Structure formats: C-alpha cells, structure tokens
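In order, the protein sequence lines correspond to chains W and H.
This note's numbering numbers the first residue of the first sequence as 286 and each following residue consecutively.
This note's numbering numbers the first residue of the second sequence as 195 and each following residue consecutively.
Below is one structure; the comments refer to it alone.
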Amino acid sequence: MAEKFFDKTTGPLATIYVIVLLAIIAMILVWG
Amino acid sequence: MQDYSNNSYQASIASNFIRSVYTYMFIALAISGVIAYAIGSNPITFLSLFSNSTGGLSLTFWILMFAPLIISFVIQWGFQRLSQQMLLLLFVIYSVAMGCTLSSIFLVYEMNAIAFTFFVASGAFAGMAVLGYTTKTDLTNFGSLLYMVLIGMILAGILNMFIGSGMLDFIISVIGVFVFTGLIAYQMQQLKNVANSPDFSEENRNKLALIGGLQLYILFINLFLTLLRLLGGRD
Numbered sequence: 286m287a288e289k290f291f292d293k294t295t296g297p298l299a300t301i302y303v304i305v306l307l308a309i310i311a312m313i314l315v316w317g
Numbered sequence: 195m196q197d198y199s200n201n202s203y204q205a206s207i208a209s210n211f212i213r214s215v216y217t218y219m220f221i222a223l224a225i226s227g228v229i230a231y232a233i234g235s236n237p238i239t240f241l242s243l244f245s246n247s248t249g250g251l252s253l254t255f256w257i258l259m260f261a262p263l264i265i266s267f268v269i270q271w272g273f274q275r276l277s278q279q280m281l282l283l284l285f286v287i288y289s290v291a292m293g294c295t296l297s298s299i300f301l302v303y304e305m306n307a308i309a310f311t312f313f314v315a316s317g318a319f320a321g322m323a324v325l326g327y328t329t330k331t332d333l334t335n336f337g338s339l340l341y342m343v344l345i346g347m348i349l350a351g352i353l354n355m356f357i358g359s360g361m362l363d364f365i366i367s368v369i370g371v372f373v374f375t376g377l378i379a380y381q382m383q384q385l386k387n388v389a390n391s392p393d394f395s396e397e398n399r400n401k402l403a404l405i406g407g408l409q410l411y412i413l414f415i416n417l418f419l420t421l422l423r424l425l426g427g428r429d
C-alpha cells in the first residue's frame, strides 16, 4: 500500500544528484 | 456528531503525521548543518580529517560521500522489513555522512553566500511546500516528468565533469531550480495523501513520516546546492 505513494527510486535519485553536486564542489576544492 | 468526531480524529492523525515529517526533516538538517559547520568552518579541521598525503581528498571523504546513496536504497527498499529504530539509526548515519561531505562548501564558498543561499532555499522550500499541500491539481504526472528530467540532469552533470562547460553547468543549474522546487510541491502532495489515508497502521505511519522527512530533506539539500552553484559567486 505504501508503494502507491512512494516511488522507490525517488530518494536514491535525489541522493545521486546531491553526490554529483558534491563531487563538482570537491573538484573545485582540489583543482580550483 | 459521530461523523464529526471521526473527521476531527482523522484530521488530528493527519496533522500529527505532517508534524512528524517536518520534525524528521529538521532533525536531519540540524545534524548535517552542525557537523558541516563544525568541520568546514575551520580549514585545518577539514584538511586533517579529509585530505590525503598528495593534497587530494581522502578515501574516507569519498566513502562518506557515497554512503548516503547505499543508505537511501536500504531505507527506501527495505523499510517494511526494518524496525523503526533501525530506520532511525540509518537516518542519523545518512545525515551525519551528508554533513561531513557538505562541510566542503565552507572551503569553496564565502560564508555570506552560503547564509544568503540558505535563506533563499528556505523561502522557496516553504512556498512550494505550502503550494503542494494546498493545490487541488493532481501533481502525480508532473512529479513523474520531473524525475525523468532529474535523470537527464544526473547524466548531463556527470558528462560535464569531463567536459567542464560553464554554460552547460549554468543551464543544468537553472533547470535544477525548477525541477527541485517542483519536486518539493509534488512530494508534499504525496505526503498529504499519506497523511489523509486511513489505510496505514501506526507503525507504517511512523516509518513513512521518517522516509518523508528524509525525502524533503534531500530535496532541500539539492535545491540549496543548486542555488549555491548559481548564487555562490564562484564561476
């Protein structure tokens, strides 16, 4: 029943994009 | 009279659920915010924890960066098998790991820019959350579309790490602001549906409040970081 409301991929997808953003910031940090 | 008391009972369950969602979201934000500031506000602390001998970032930093992905899969796919305590533990680990990696923003962006962006993101979040909760329009199709755009943004973002195009980065960030503000409204409507549904047991409601809080938290962080890319004054 809960699956009807929560798509199981939403949390992981949003987390993947945060990781992409953090990786870009890490690249700025290391290489300027 | 009986109907009225039933309705008011249902309404109080619904408002308790939404309150729990926001409580979880603010707990996660507080944990991540305090840890990020504690580590990132002092470059020496950050470097002693997360730099390696060659001047790059240590393996610990990368593990902490990817840990939330694994945890989000475990929480979202296994919440019915996991106990509330185990979910709470994973939720706290997720927030701690996110706080550790978020500390890097303090070394890249000015404190004023971070504070300003945080207030802009908070305002946008509050506005979209209210819109999602109060709108009569069904946002289900809209939300599915936005998640497809998000997949495109992930691929374009990874591609751009190798290309390094400032223009592409700007375009992805602008689209990202619309996608995340839209997803916040969509997610809020989903949570309202759960809150008003009489079909969930109390245990499932507690678990779903935690997952809902985590989802709103991660959408907020996405919106905040995307705005920081645009307003942070780095590029």
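Using N, Cα and C, we set each Cβ at its ideal position, and we do this for glycine too.
From a predicted model like this one, the values you see are computed outputs, not experimental measurements.
From H:Ser359, H:Met280, H:Gln383, H:Thr375, pick the residue whose C-alpha is nearest to that of Ile309 (chain W); which is it? H:Ser359
With distances taken from CA atoms, which of H:Ala379, H:Tyr380, H:Gly351 is nearest Val368 (chain H)? H:Gly351
Are the beta-carbon atoms of Phe285 (chain H) and Leu404 (chain H) separated by less than 8 Å? yes
Quickly, what does DSSP pair Ser245 (chain H) with across the bridge? List them, please. H:Leu251
Is it buried or exposed for Arg423 (chain H), if we count other Cβ within 10 angstroms and need 16 for buried? buried
On the DSSP letters alone, give me the boundaries of the alpha helix (DSSP H) that Glu396 (chain H) sits inside. 396-425
Ignoring anything shorter than 4 residues or poking outside the stretch 290-348 of chain H, list the alpha helix (DSSP H) runs there in chain order. 299-302, 305-328
Taking Cβ-Cβ distances shorter than 8 Å, what residues in chain W pair up with Asn416 (chain H)? Ala299, Tyr302, Val303, Leu306
Along the chain, where does the alpha helix (DSSP H) that runs through Asp393 (chain H) open and close? Looking at the DSSP string, Asp393 (chain H) is not in any alpha helix (DSSP H), and its letter there is neither H nor E.
Three-state secondary structure (DSSP) at Phe239 (chain H)? The residue asked about is misnamed: residue 239 (chain H) is Thr in this sequence, not Phe. Helix.
On the premise that Ala311 (chain W) lies in contact with Leu251 (chain H), defined as a C-beta separation below 8 Å, what is that separation, rounded to the nearest angstrom? Leu251 (chain H) to Ala311 (chain W), Cβ: 6 Å. Contact.
Beta-carbon separation of Val302 (chain H) and Leu306 (chain W) under 8 Å? no
What separation, rounded to the nearest whole angstrom, lies between the Cα atoms of Ile299 (chain H) and Asp393 (chain H)? 42 Å
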